Structures are given as C-alpha cells and as structure tokens.
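**Q** Starting off with a structure, shown below.
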Amino acid sequence: AQRVTQPEKLLSVFKGAPVELKCNYSYSGSPELFWYVQYSRQRLQLLLRHISRESIKGFTADLNKGETSFHLKKPFAQEEDSAMYYCALSGLGGSRLTFGEGTQLTVNP
Amino acid sequence: GAVVSQHPSWVICKSGTSVKIECRSLDFQATTMFWYRQFPKQSLMLMATSNEGSKATYEQGVEKDKFLINHASLTLSTLTVTSAHPEDSSFYICSARDFLGGANVLTFGAGSRLTVL
C-alpha cells in the first residue's frame, strides 16, 4: 500500500521567513514523489517532482529514502506562496497517484 | 502546455437524477485519466482510473454502478453519477497523464462541484 502523510494541516509564516512543508511517505517499491499546489480559486498544478531535481519558484524538495521524506522548502517565503500544497506519490512507471491531506500555507506580510 | 477541460464546473440536481461530468484533454491524447473526489478541506481521493477502450479500474469502496465511467476516445472521459443523493455532493476532479519529456505528470481539470438537493 502507498501512503502519504503531511502532518501539518496549517502553516503560517511571515514574509521573508524560511518555510518547510513536511511530507512523509510509505511505499514498498521505488517511489516517484511530487508536490502539487493549488492557489486560491485555481486548479491543482504541478510544482515540482523529485526526479527532475529542480527549483521552482524558489522551492526545492529532496527525496530522503532513509527517512522516507520529501519535504518542501523555500528559504524566503513570499505572500504569493500562500496556497494549499499537496505531496503526492506514485510508483515508478506511472501507476496511481496518492495524495497527502495537504498543508495550507499562509504567508503573512 | 497540456490543458484538461472539465464540464460543467458546477451543477445542481435533484435527488434521484443522474449527472454526467465530462473531462477532455486538449492538445494531447490521454490513454489514462483519473477521477478524484474532494470533500471540503480534505485531500483528493482517487475514485477510479479511466482507461481508453476498456473498463475503468475502481478504488476499493467506490461503487462502480453508482459512478459510471466511460473513456470512449483518447481525449474524453465521462463520469456519470447515477441516482444521485445528497451524500454524493462533492467536488469531482479529473486528471490526465501527460508524458512530459519522458516523465509522468498529471494535468488536472478545474473540477466540477456537484450539489444534490
């Protein structure tokens, strides 16, 4: 079975502060991890995926297989980062995508 | 980039009626589409995987006779909520797999909000 856990439903930081959204997973095989973001009144969209090892909008995420984590980080949060963030997992090769429960990030001015 | 169009964006119906929601992939072909359900302030729950030209694969606990899925072409999947009841009121979201540069990425529709009176 595959499972994704995001322990924080709500996260509030001030503009310019570092932010880390936690994600832990459980999967018996080789996982493919993603972060999706949903801005207010917009559709869910891909933020980044671990295999590309890229930085999008200043966000990065590193897959830690030892700790089974894929935390999302940004050194200096901006107000426009306020959104709902979902961590998601699928098996390599594109099987079904399982989502975490999401973390609502609020960046205060 | 890849776009998934979902229609209608919201629908209100009477209890006992059936409602059809369409999911279209624009500018790309999708052999596989996924249907999710999202309750307020909760995560997306996968309902079923829609496969073009074959039967959908339903997740455990999802009634296949209640939620009929048809994927008749490479760009269209439909979800029909049959004999809808108030407890079926929810936000239904479809997604399609778009292989981007060899990677596996899902593109999501904007969702369809169903309210059953």
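So the protein lines, in turn, are chains A and B.
The numbering of the first sequence is the working numbering, which starts it at 1 and goes up by one.
The numbering of the second sequence is the working numbering, which starts it at 1001 and goes up by one.
The beta carbon of each residue, even a glycine, is placed where N, CA and C say it ideally should be.
Just so you know, these numbers come straight off a predicted model, no measurement behind them.
1) Taking all protein chains shown into account, decide if residue 32 of chain A is buried (16 or more other Cβ within 10 angstroms of its Cβ) or exposed.
2) The beta strand (DSSP E) that contains residue 1039 of chain B, what's its start and end?
3) Any C-beta of chain A within less than 9 Å: which residues of the stretch 1015-1045 of chain B qualify?
4) Could you give the uninterrupted runs of the beta strand (DSSP E) lying entirely in the stretch 1034-1114 of chain B, keeping only those of 3 residues or more?
5) According to the neighbour-count rule (16 or more other Cβ atoms, all chains shown, within 10 Å of its Cβ), is residue 1025 of chain B buried or exposed?
6) Quick check on DSSP: helix, strand or coil for residue 82 of chain A?
7) In chain A, which residues lie with their C-beta within 7 Å of the C-beta of residue 1110 of chain B?
8) What separation, rounded to the nearest whole angstrom, lies between the Cα atoms of residue 1089 of chain B and residue 1117 of chain B?
9) Please determine, among B/1030, B/1016, B/1015 and B/1012, the residue with the shortest C-alpha to C-alpha distance to residue 1002 of chain B.
10) So the candidates are B/1085, B/1107 and B/1052; which of them puts its Cα closest to the Cα of residue 1017 of chain B?
11) List the whole-angstrom C-beta distance separating residue 17 of chain A from residue 83 of chain A, where the pair is believed to meet the contact cut-off of C-beta under 8 Å.
12) Looking at residue 100 of chain A and residue 5 of chain A, is the spacing between their C-beta atoms short of 9 Å?
13) Distance cutoff 9 Å, beta carbons only. Does residue 99 of chain A sit that close to anything in chain B?
**A** On the basis of the coordinates in this document:
1) buried
2) Note, residue 1039 of chain B: premise wrong, no beta strand (DSSP E); not H, not E.
3) 1032, 1034, 1036, 1041, 1042, 1043, 1044 and 1045
4) 1044-1051, 1067-1073, 1076-1081, 1090-1100 and 1103-1108
5) buried
6) coil
7) 43
8) 9 Å
9) B/1030
10) B/1085
11) In fact, because the Cβ distance is near 16 Å, the residues do not count as touching under 8 Å.
12) yes
13) yes
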